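For the sequence shown, this note's numbering gives the first residue as 71, with consecutive numbering after it.
These notes concern the structure reproduced below.
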Amino acid sequence: EYMSGPPPSPRAALEVLAQAFERWRGAWEREGFAPIAKGWTARAHGLGQPCEARLPNQTHRGVAEGLDLDGALRLRLDDGVVLRITAGDVFFGET
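Structure follows, in structure tokens:
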């Protein structure tokens, strides 16, 4: 949920974050990663759009397709190969 009005106190903000975290953690414990991936995908910016994944020693350009079952980003390259990106910086738009 989003709050409106004046900014909350740090304590109130922490309580909201802790409650949300607990809901997601509970879902993960009961159902595994699937509901986490579904929630992330519903809110994710840039899925289906070109992006650039910058890793420590290489850069890949492709289309962000979503998350796989363990949370890696699926990046489809121009040649159709799908890479699993488990760590790196992902940029959308003009790269």
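Built from N, CA and C at the ideal position, the CB exists for glycine as well.
Computed from a predicted structure; not experimentally measured.
In the structure shown, what three-state DSSP assignment does residue i receive?
i	result
A157	coil
V152	strand
F103	coil
A114	coil
L139	coil
G75	coil
L147	coil
Are the CB atoms of residue i and residue j nearer to each other than 7 angstroms?
i	j	result
L117	G132	no
Closest by CA to residue i, which one among the options?
i	options	result
Q119	V151, F162, S74	F162
K108	E135, N127, I155	E135
D140	G150, H115, I155, P80	I155
For residue i, count neighbouring Cβ atoms within 10 angstroms of its own Cβ and tell me buried if that reaches 16, exposed if not.
i	result
A123	buried
L125	exposed
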